[in-house]
Amino acid sequence: MLKREVETFARMSHPNIVEFKAVQGFGGTHLEIFAALREGNINDLIEKELFLREPKWAEALLRQMLQALDYLAFKGIVHRDVKPANILYQSLSGGSYTFQLTDFGLCNFIVAAQTFAGSPMFMAPEFHLGIQQTSKVDVWSLFVTLAYALNVSEFRKKRFDTHTLRVRAAQEAANEAGFHPIRAMVIVDPKARASAADMLDALFHGEGRSTPRDQMQSAPKVDRNASTPRKEQTHRIKKTVAQRRHGQEFEGFVTTARRKMPGAFQDDVVEALGGVQDRPHFT
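Heads up, the sequence shown is in our numbering, so the first residue is 2 and it goes up one at a time.
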């Protein structure tokens, strides 16, 4: 397990996954793994009731961990033990926080992950059912982590002795009004459950998503040859540009285009003209 942890850890490169530094002791009785130091794990912040006092940090935790989990999913890796003790934090200047996932001792590649692993309170139903574990088990665990951090519906006082009680606690939390936007994270059927990429799209406009849109399970089938309003609009602009006499003021054309073509803004015109050098392109 330690060799697997080191190999997996060394491949990680993401701002919300703790950095691997070095390893020594292979072949001996003790193996030492060196990772970047952080102030502590979020259990410390939970004890200080940070997330209850300032819910914006719960949202930051959700966003950053979704980005980390989506990165792992894109790499085909299941963490299998997402919980407060395995999420480190570092306070930054200005009073903000960054969160990083750590402890990859139980992780596995999606095709092989099927054994019992993790911490019972945070386990997805797949562990109990003995079915293949995909990256969506981590999504379930992240939801439970948030429910625990915010103590939604008196979550910390609930019983988690059995699989049924654990599922019931998660479902009760999901039914709380404040948790409605993320309840898709704890759908019992993993095929219907949202992925980390789905949640990044739904909540954060896809910010920090590693999974390409066309590889997402929820991605609609796209006919790349089909004409779209945007394509048609760009074609019209190109045609108009070609018909203009040399030397006409560009800004004057942009003003005319915006007036005559609702929805045609300067970016559309720039695109029609072939773009601008060094202009960033976002997907």
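Idealized CB from N, CA, C, for every residue including glycine.
These numbers were taken from a predicted model, which means no experiment stands behind them.
Measure the alpha-carbon distance for Q19 versus Q172 and round it to whole angstroms.
The identity of residue 19 in the sequence shown is Val, whereas the question assumes Gln. Answer to the nearest angstrom: the Cα atoms are 31 Å apart.
I43 - containing beta strand (DSSP E), residue span:
I43 -> not in any beta strand (DSSP E); alpha helix (DSSP H) instead, spanning I43 to E48.
Starting from F100 and walking both ways along the beta strand (DSSP E), at which residues does that stretch end?
Y98 to L102
Beta-carbon proximity check, D71 vs T212, cutoff 9 Å
yes
Mapping DSSP to helix, strand and coil, what is Q218?
coil
Top-ranked residue by Cα proximity to T83, from D139, A198 and R157
In the sequence under discussion, the amino acid at residue 83 is Val, which differs from the Thr named in the question. Checked all of D139, A198 and R157; the closest Cα to V83 is D139.
Between which residues of its own chain and D45 is the CB-CB distance below 8 Å, once the five residues before and five after are set aside?
Y90
Does the contact criterion of 3 or more C-beta pairs under 8 Å hold for the stretch 51-58 versus the stretch 182-199?
no
Buried or exposed: K49, going by 16 or more other Cβ atoms within 10 Å of its Cβ?
exposed
Would you mind stating whether M200 and R167 have Cβ atoms separated by less than 9 Å?
no
Among all the DSSP beta bridges, which residues are the ones paired with S92?
Y98
Please name the residue, chosen from E155, A148 and A197, that lies closest to H181 on a Cα-to-Cα basis.
A148
Might you give, ordered along the chain, the residues of its own chain that have their beta carbon closer than 7 Å to the beta carbon of F75, omitting 5 neighbours on each side?
S211 and T212
Any idea which residues DSSP pairs I18 with across the strands?
L102
Taking Cβ to Cβ, would you say K137 is nearer than 9 Å to A195?
yes
If contacts are defined as beta-carbon pairs under 8 Å, then T103 and N87 qualify, I think. What distance do you get, rounded to the angstrom?
6 Å
Please classify F205: does DSSP put it in a helix, a strand, or coil?
helix
7 Å Cβ shell around S58 - same chain, five flanking residues per side excluded:
Per the sequence shown, the amino acid found at residue 58 is Trp instead of Ser. If we look at W58 and ignore the five residues flanking it on each side, its Cβ neighbours are L51, F52 and Y98.
With distances taken from CA atoms, which of A125, E60 and A175 is nearest S154?
A175
Cβ neighbour criterion (16 or more within 10 Å) applied to S14:
exposed
Looking only at its chain, what residues have a beta carbon closer than 6 Å to the beta carbon of Q68, apart from the 5 residues adjacent to it on each side?
N17 and G209
Assigned secondary structure, E127 (DSSP; H/G/I helix, E/B strand, else coil)
helix
Span of the alpha helix (DSSP H) holding K137?
K137 to L151
Exposed or buried, S142, counting other C-beta atoms within 10 Å across all chains shown (16 or more means buried)?
buried
Quick check on the DSSP output: the alpha helix (DSSP H) that includes M184 runs from which residue to which?
Note that residue 184 is Arg in the sequence shown, not Met. First-last for R184: undefined, no H or E at that position.
Starting from the C-beta of L151, find all residues in its chain whose C-beta is less than 6 Å away, skip the five residues before and the five after it, and write them out in chain order.
F52 and A59
Does the distance from the C-beta atom of A198 to that of M217 stay below 9 Å?
yes
How big is the Cα-Cα spacing for S92 and G131?
39 Å
So, under 8 Å CB-CB, G156 and A170 are touching, yes? Tell me the CB distance rounded to an integer number of Å.
Correcting the residue type first, residue 156 is Phe in the shown sequence and not Gly. Correct: roughly 6 Å between the Cβ atoms.
Candidates Q133, L73 and P85, of which the one nearest S120 by Cα:
P85
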